[in-house]
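Asker:
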Amino acid sequence: MNEQDFTADEMMTVAASRLIDDGTVCFVGIGLPSAAANLARITHAPEAVLIYESGTVGAKPSLLPLSIGDSELAETADMVVSTAEIFRYWLQGGRITVGFLGAAQIDRFGNINTTVIGEYAQPKTRLPGAGGAPEIAALAGQVFVIMRQSRRGFVEQVDFVTSAGHLTGGDWRERAGLPGRGPSTVITDLGVLEPHPESRELVLTHVHPGIEADDVRAATGWALAVADDLAVTPAPSEGELAALRGLHERTRAARDRAG
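Just so we're aligned: 1169 in our numbering is position 51 of the sequence shown, and the numbers increase by one with no gaps anywhere.
1. Closer than 8 angstroms, CB to CB, is V1216 near chain B or not?
2. Residues in its own chain within less than 7 angstroms of G1287 by CB, not counting five upstream and five downstream?
3. With E1292 as the anchor, note down where its alpha helix (DSSP H) starts and where it stops.
4. Give the DSSP-derived three-state secondary structure of S1189 in the structure shown.
5. So who's on the other strand from T1174, going by DSSP bridges?
6. Taking the beta carbon of T1323 as the centre, do at least 16 other beta carbons fall within 10 Å, making it buried, or is it exposed?
7. Tell me whether A1240 is buried or exposed, calling it buried when 16 or more other Cβ atoms sit within 10 Å of its Cβ.
8. Which same chain residues, not among the five before or five after P1151, have their C-beta less than 8 angstroms away from its C-beta?
9. Within the same chain, show all residues whose beta-carbon is closer than 8 angstroms to that of I1169, passing over the 5 residues directly before and after it, in chain order.
10. Where do the N-terminal and C-terminal ends of the beta strand (DSSP E) with A1345 fall, by residue?
11. Quick one, which of L1184, V1132 and S1200 has its alpha-carbon nearest A1376's?
12. What's the call for R1159, buried or exposed, on a 16-neighbour Cβ count within 10 Å?
13. Would you mind giving the Cβ-Cβ distance between G1300 and H1314, rounded to the nearest angstrom? I have them listed as a contact below 8 angstroms.
14. From the DSSP output, in three-state form, read off P1327 for me.
15. Quick one: give me the first and last residue of the alpha helix (DSSP H) that V1132 is part of.
16. Does the Cβ of M1265 lie closer than 7 angstroms to at least one heavy atom of the ligand COA?
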C-alpha cells in the first residue's frame, strides 16, 4: 500500500493503535485516543480492557462515543462502576497500564494544556478543562498522547500546565514522587516523538511515510531534536484501514439516523 491510499489522520490513528498490546488496561480519552484504542481492540488487541472516566470497564463500543456519558459505552461494558471507584481502585491502585490522552497544547517536556490558551485570567480561548487527565498523567503506568502537529499546538512551554508530563525535564517525576512514567510516546499526523532517556525532552524517532524530518521541525515550536536512527512508520495495512474506516462509517450512520 502506498502513501496515497490513506490520509494523515488515518496514519496517525493506526500508528497510535499499534502501541496498545493485547491485555493492556487502557484509560481512554474521548476523540482521537478513543478511535485509536478501539481500533486496537477490533484488530490486534481483542483482550485490551478499555476504561472510560464515567465508570465503564471493558467497554466494547461498535461506534465511537461522543462523550464519556455515551450510552454505547455502558451498554457494551463488562461492568459499570462509580467514577470514584475508577479513580481510587483502578487508577490510584496502579491497575492502569496506559493512559491515552489528547491535548490542545503540548511542550517539549510532554506537559499538556487543555485549560486555556493565553493568560489564565484573560485567556484568548478557554478550553474544555482537565477532567481526569491530571490524575491519569500522574498515575498511569505510562501515557500516550495523540494530536495533530502544528506550531500552535507544539509549543516550547504550554500556556497552562493542566497535566504534568516531565515538567522541567530530567528526573522531575521521580523527585515529585509520581509513580507513573509519564508521556512515553506522542503520536502525530507527521510522526512519533519520544522523551530522551536523560533530559526527557521530546525527540523525533519516527516519520510517517512521505514525511521528512524538516516537515516535522517546521510544525514544532521549539528546536526539535531528531534521533540518529530516525525510522519510517510502516504504512497502514489493508486490514487496519478497513477496520478504521468501518468504525467511522458506522459512527456516521448512527449519528445520521439519530438526527
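The beta-carbon is built from N, C-alpha and C at its ideal position, and this holds for glycine as well.
These figures come from a predicted structure and were not determined experimentally.
Answerer: Looking at the atomic coordinates:
1. Annotation note: the requested chain B is absent from the structure, which comprises a single protein chain.
2. In the sequence shown, counting from the first residue as 1, residue 1287 sits at position 169. Closer than 7 angstroms at Cβ, skipping near neighbours: F1227, S1317, R1318 and E1319.
3. Your numbering for residue 1292 matches position 174 in the sequence shown. Counting along the chain, the alpha helix (DSSP H) containing E1292 begins and ends at W1290 to A1294.
4. One-based indexing of the sequence shown puts residue 1189 at position 71. In this structure, S1189 counts as helix in the three-state DSSP scheme.
5. Along the sequence shown, read from residue 1 onward, the residue named residue 1174 stands at position 56. Per DSSP, V1198.
6. As a working mapping, residue 1323 is identified with position 205 in the sequence shown. Under this definition T1323 is a buried residue.
7. One-based indexing of the sequence shown puts residue 1240 at position 122. In the sequence as displayed, the identity of residue 1240 is Gln instead of Ala. Result: exposed.
8. The residue given as residue 1151 occupies position 33 in the sequence shown. Answer for P1151: A1134, F1218, L1219, G1220, F1262 and I1264, listed in chain order.
9. Stepping through the sequence shown from its first residue, residue 1169 is reached at position 51. Excluding sequence neighbours, I1169 sits near V1143, C1144, F1145, V1146, V1175, G1176, A1177, I1204, W1208 and I1214.
10. For the purposes of this step, residue 1345 is taken as residue 227 along the sequence shown, with counting starting at 1. Counting along the chain, the beta strand (DSSP E) containing A1345 begins and ends at A1343 to V1350.
11. Start at 1 with the first residue of the sequence shown, and residue 1376 comes out as number 258. Ranking L1184, V1132 and S1200 by Cα distance to A1376 puts L1184 first.
12. Here residue 1159 refers to the residue found at position 41 of the sequence shown. The residue in question, R1159, is buried, as its Cβ has 16 or more Cβ neighbours within 10 Å.
13. In the sequence shown, residue 1300 corresponds to position 182, counting from 1. In the sequence shown, residue 1314 corresponds to position 196, counting from 1. Wrong, their Cβ atoms sit about 13 angstroms apart, outside the cutoff.
14. Taking the first residue of the sequence shown as 1, we reach residue 1327 at position 209. Of the three classes helix, strand and coil, the one that applies to P1327 here is coil, per DSSP.
15. What you label residue 1132 is simply residue 14 of the sequence shown in a count that begins at 1. A1126 to S1135 is the span of the alpha helix (DSSP H), which, as asked, contains V1132.
16. Judged by which ligands are present, the structure shown has none, so any question about the ligand COA falls away.
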